[in-house]
Amino acid sequence: MILSVRRLAACCALGTALAGCGGPGLPHTTGAESPTAPPAASPAAPAATADAQPPPPTLAPGPEGQAPVFEHGPRGGGKTVALTFDTDMTADQGPRAASGERFDNPELIGTLRRLKVPSTVFMTGRWAEEYPDQARSIGADPLFEVANHSYSHHAYTARCYGLPTLAPQRMRADVDRAFAAFRAAGVARTVPYFRFPGGCYDRTALRAIAGSGVTAVQWDVVGGDAFATDPDAVAREVLRGVRPGSVVVLHCTRSAAPATERALRTVVPELRERGYRFVRVSELIRASDQGGRGQGAG
Ligand SMILES: [Zn+2]
Numbered sequence: 050m051i052l053s054v055r056r057l058a059a060c061c062a063l064g065t066a067l068a069g070c071g072g073p074g075l076p077h078t079t080g081a082e083s084p085t086a087p088p089a090a091s092p093a094a095p096a097a098t099a100d101a102q103p104p105p106p107t108l109a110p111g112p113e114g115q116a117p118v119f120e121h122g123p124r125g126g127g128k129t130v131a132l133t134f135d136t137d138m139t140a141d142q143g144p145r146a147a148s149g150e151r152f153d154n155p156e157l158i159g160t161l162r163r164l165k166v167p168s169t170v171f172m173t174g175r176w177a178e179e180y181p182d183q184a185r186s187i188g189a190d191p192l193f194e195v196a197n198h199s200y201s202h203h204a205y206t207a208r209c210y211g212l213p214t215l216a217p218q219r220m221r222a223d224v225d226r227a228f229a230a231f232r233a234a235g236v237a238r239t240v241p242y243f244r245f246p247g248g249c250y251d252r253t254a255l256r257a258i259a260g261s262g263v264t265a266v267q268w269d270v271v272g273g274d275a276f277a278t279d280p281d282a283v284a285r286e287v288l289r290g291v292r293p294g295s296v297v298v299l300h301c302t303r304s305a306a307p308a309t310e311r312a313l314r315t316v317v318p319e320l321r322e323r324g325y326r327f328v329r330v331s332e333l334i335r336a337s338d339q340g341g342r343g344q345g346a347g
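Those letters in the sequence shown? Residues 50 to 347, by our numbering.
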């Protein structure tokens with residue numbers, strides 16, 4: 050299945066198959082019915098931190114105990130924007146990494162540091178196993194927060210851009226296995242946020258992962274960097290979509306998102322010129338607890 054690359058959000062390279070992730074322009078829920086009411090923010094959070102900092106904010110559970118879903122921060126809470134970077138790596142891509150394919154992007158992390166851009170990295174457990182030094186370095190840097198993008202980057206619904214599908218009874222374990230991989234890599238601190246591979250979820254998936262205590266984090270701006278080779282096109286896509294409180298999905302993997310780092314060199318100064326302040330997802334969720342709307346149509 051070849052989808053328009055510009056409309057893909059998250060890259061999910063499987064062999065030569067182009068398996069992308071849906072953004073607002075694609076049906077990222079397969080047979081899903083999102084919770085109808087925005088959950089109220091709650092200070093409760095699982096013990097995912099390893100230091101004395103206050104626990105990161107999470108949202109209250111959705112209907113029927115489902116994991117809550119966050120899509121963007123308050124629209125009226127000032128010009129804040131959260132750049133998020135998914136480090137995709139499927140469980141079976143080890144041989145490709147061994148043969149030289151680079152699923153990491155240290156240049157991108159370096160640019161975020163140089164430009165001092167607070168960011169949230171949605172890391173797969175498999176990626177942390179492949180690049181433990183980088184995972185540990187990102188986790189130790191207060192500029193970043195490390196969130197969960199599953200262990201295996203397999204789909205949590207059927208028909209998710211060609212990704213292999215996890216059975217519901219294996220979903221919770223997949224989330225937990227990613228957190229375990231982060232700990233094994235030495236990641237000092239994580240936040241209890243989870244991004245579904247491909248952005249694909251439904252009520253079954255939200256129920257399946259609820260016990261992990263995570264807040265599912267989607268997005269309202271698709272960077273379109275999956276398999277993009279033109280950084281200017283990626284930059285235009287981001288700049289066109291950002292509104293106050295936006296969550297932007299981008300990728301931190303060179304093989305499947307080779308233009309992202311260069312796009313940032315345009316996006317970051319331009320958004321600052323427009324008066325935007327970069328924040329981590331946790332700050333947007335916290336702001337939602339102060340009168341904002343934590344979930345919207347995007
Ligand atoms: Zn992904």
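Beta carbons: idealized from backbone N, C-alpha and C, even for Gly.
Any non-hydrogen atom of ligand 1 closer than 7 Å to His202 Cβ: Yes, the beta carbon of His202 sits closer than 7 Å to at least one heavy atom of ligand 1.
Reduced DSSP category for Val328 - H, G, I as helix; E, B as strand; rest coil: Here Val328 sits in coil by DSSP.
The beta strand (DSSP E) enclosing Pro144, as first and last residue numbers: For Pro144, there is no enclosing beta strand (DSSP E); the residue is part of the alpha helix (DSSP H) that begins and ends at 143-147.
Cβ shell of Arg221 (< 7 Å), same chain only, five flanking positions each side left out: These residues qualify, in order along the chain: Ala257, Ile258, Gly260, Ser261.
Segment contact, 8 Å Cβ cut-off, at least three pairs: the region 296-315 with the region 231-239: No contact exists between the region 296-315 and the region 231-239.
Closest residue to Ala284 among Gly294, Phe276, Val317 (Cα-Cα distance): Of the candidates Gly294, Phe276, Val317, the one whose C-alpha sits nearest the C-alpha of Ala284 is Val317.
Selection from Ala254, Ala306, Arg335 that minimises the alpha carbon distance to Asp206: In the sequence under discussion, the amino acid at residue 206 is Thr, which differs from the Asp named in the question. Thr206 has its Cα closest to that of Ala254, out of Ala254, Ala306, Arg335.
Three-way DSSP call (helix, strand, coil) for Thr133 in this model: DSSP places Thr133 in strand when its eight states are reduced to three.
Whole-Å CB distance - Glu310 paired with Asn197, under 8 Å assumed: The C-beta separation of Glu310 from Asn197 comes to about 23 Å, leaving the pair out of contact by the 8 Å criterion.
CA nearest to the CA of Pro365, picked from Glu113, Pro123, Gln102: No answer is possible for residue 365: it lies beyond the span of the chain, which begins at 50 and ends at 347.
Ranges of the beta strand (DSSP E) found wholly within the region 179-267, counting only runs of at least 3: As summarised for the region 179-267, the continuous beta strand (DSSP E) elements at least 3 residues long and confined to that stretch are 193-197, 239-243, 264-266, given in chain order.
Neighbourhood of Pro217 by C-beta distance below 6 Å, restricted to the same chain and skipping five residues each side: The residues are Thr253, Ala257.
Within 8 Å, strictly: CB atoms of Ser295 and His121: Cβ distance < 8 Å, so Ser295 and His121 count as in contact.
Residues that DSSP places opposite Ser168 in a beta bridge: Partner(s): Leu132, Phe193.
Simplified DSSP assignment, three categories, for Val291: Three-state result, Val291: coil.
Host alpha helix (DSSP H) of Glu120 (start-end): Element bounds for Glu120: n/a, residue is neither H nor E.
Selection from Arg289, Gly211, Ala184, Arg208 that minimises the alpha carbon distance to Val270: For Val270, the closest of Arg289, Gly211, Ala184, Arg208 by C-alpha to C-alpha distance is Arg289.
Through-space distance from Pro280 to Val245, alpha-carbon basis: According to the sequence as given, residue 245 is Phe; it is not Val. Each residue's alpha carbon lies about 25 Å from the other.
Closest Cα partner of Phe171 within the set Asp182, Lys165, Ile187: Of the candidates Asp182, Lys165, Ile187, the one whose C-alpha sits nearest the C-alpha of Phe171 is Ile187.
Span separating the alpha-carbon of Pro191 from that of Ala204: So the two alpha carbons sit approximately 30 Å from each other.
Which of helix, strand or coil DSSP assigns to Thr315: Residue state, collapsed to three classes: helix.
Any non-hydrogen atom of ligand 1 within 7 Å of Pro246 CB: A heavy atom of ligand 1 is found nearer than 7 Å to the CB of Pro246.
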